[in-house]
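This report refers to the structure that appears directly beneath it.
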Amino acid sequence: MVDKDILDRVEKIYYLLQYGKLMPGMIHNLNGRITLLDTRIQLAVMGVQNRLEKLLGKKESLDEESYKYHLSDLEYIKKIVDSLDSFRDEVNSVLGDLNFKIFNESKSSSSRISLKKAVDEFDLYFKFYKYYKHNTEIENSIPVDIEINFVYRDLYLILYSIVRNICDSIVQSKIEKGRIVYRAEDNESYTVLDILGNGEDIKDKSPDDLILSASKRSFSETITDFDSIYGEGLDLFFLNKILAKRNVKWEIFSVDNLYGFRFFIPK
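Numbering (the working numbering), first residue to last: 813 to 1079.
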């Protein structure tokens, strides 16, 4: 059993994290990577321009075939640099939207959220942060018309915790090609959301087993900052708190050799 004082201390950290006091650290780290990408793109542009100027200066001393060869090489590099620009703009756009959604909603207010779009945005973040293995296949088959009444930051933290655990399961099961599948359907009372993977490590466990295992990993005297607790993906101990707060029921679920979690989100 975890000591109450440790539990209280970590829960305070979780509370601050969930409501945006510490979470900017994650966004800051991500923005730092984008700044690095910006810098590299700018240096690449400067490098191409510098080489073009040098090539023009040598034009008269080079034969026409050699000049065209070097020129086409530089034009090819410039084409790659331009494509990086569009990728950077796409990532910046999604991150800006994510920042707004997480940090500009109130602690308790819910809004109608497109589940498919939220998952797509989350996946872009997850890929950019390199949490997926390079060959992980992602399938988002959630219908475009499904919306849930939820707080965006809570949904984001649920996705983060669950997908981190599924990724761990894929690694522990020694699966060469990972697969993660999102499915959802509406009924009269609930939106049913499935998040599944092809790692077998979790198939014989229950939510209680996973919560106990997560709490044993998470609660240590060293958990005092953003990175140490967020590095555990909030684990499933705190995930259970979010689900209870939102009256979301959940269970271990498997189908078609995929193993993961099913959530019943109230209408």
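The C-beta atom is built at its ideal place from N, Cα and C for all residues, glycine as well.
* Asked: So, is Gly-859 buried or exposed, given that buried needs 16 or more other C-beta atoms within 10 angstroms?
  -> exposed
* **Nearest residue (CA-CA) to Asp-957, options Ile-925, Ile-1077, Ile-982 and Gly-1009** => Ile-925
* Beta-carbon proximity of Val-1004 to Arg-1074, cut-off 8 Å -> yes
* **Backbone CA spacing between Val-931 and Asn-952 [nearest angstrom]** => 8 Å
* **Contacting residues, own chain, Cβ-Cβ under 6 Å from Glu-803 (five flanking each side not counted)** => The shown model of the chain, from 813 to 1079, leaves out residue 803, and the question about it has no answer.
* Of the listed residues Tyr-1071, Ile-1064 and Ala-1056, nearest to Ile-1077 (C-alpha basis) -> Ala-1056
* Asked: Going by DSSP, which residues form a beta bridge with Leu-1070?
  -> Val-1067
* Asked: Which same chain residues, not among the five before or five after Asn-1010, have their C-beta less than 7 Å away from its C-beta?
  -> Ile-982, Ile-987, Gly-990, Arg-991, Asn-1069 and Leu-1070
* Give me whichever residues DSSP pairs with Val-993 in a beta bridge. => Glu-951 and Leu-1008
* Asked: What did DSSP end up calling Ser-1001 once you bin it into helix, strand or coil?
  -> coil
* **Through-space distance from Ser-1001 to Ile-1041, alpha-carbon basis** => For Ile-1041, the predicted model reports a pLDDT of 39, less than 50, meaning its position is unreliable; a value from the coordinates is still stated below. Each residue's alpha carbon lies about 34 Å from the other.
* State buried or exposed for Leu-868, treating a residue as buried only when at least 16 other CB atoms are found within 10 Å of its CB. => exposed
* **Span separating the alpha-carbon of Val-975 from that of Ile-1007** => 8 Å
* Any idea if Val-993 is buried or exposed, counting beta-carbon neighbours within 10 angstroms, 16 or more meaning buried? -> buried
* List the endpoints of the continuous alpha helix (DSSP H) containing Asn-977. => 964-984
* **As assigned by DSSP and simplified to three states, the class of Ile-1041** => Legend: pLDDT at Ile-1041 = 39, less than 50; position of this residue unreliable, value from coordinates given subsequently. Ile-1041 falls in the helix class under three-state DSSP.
* Asked: Under 8 Å, do Tyr-881 and Lys-871 count as touching if we go by C-beta distance?
  -> no
* Sort Tyr-968, Ser-922 and Arg-995 by Cα distance to Asn-961 and report the nearest one. => Ser-922
* Nearest-angstrom Cα distance between Ser-884 and Glu-877? -> 11 Å
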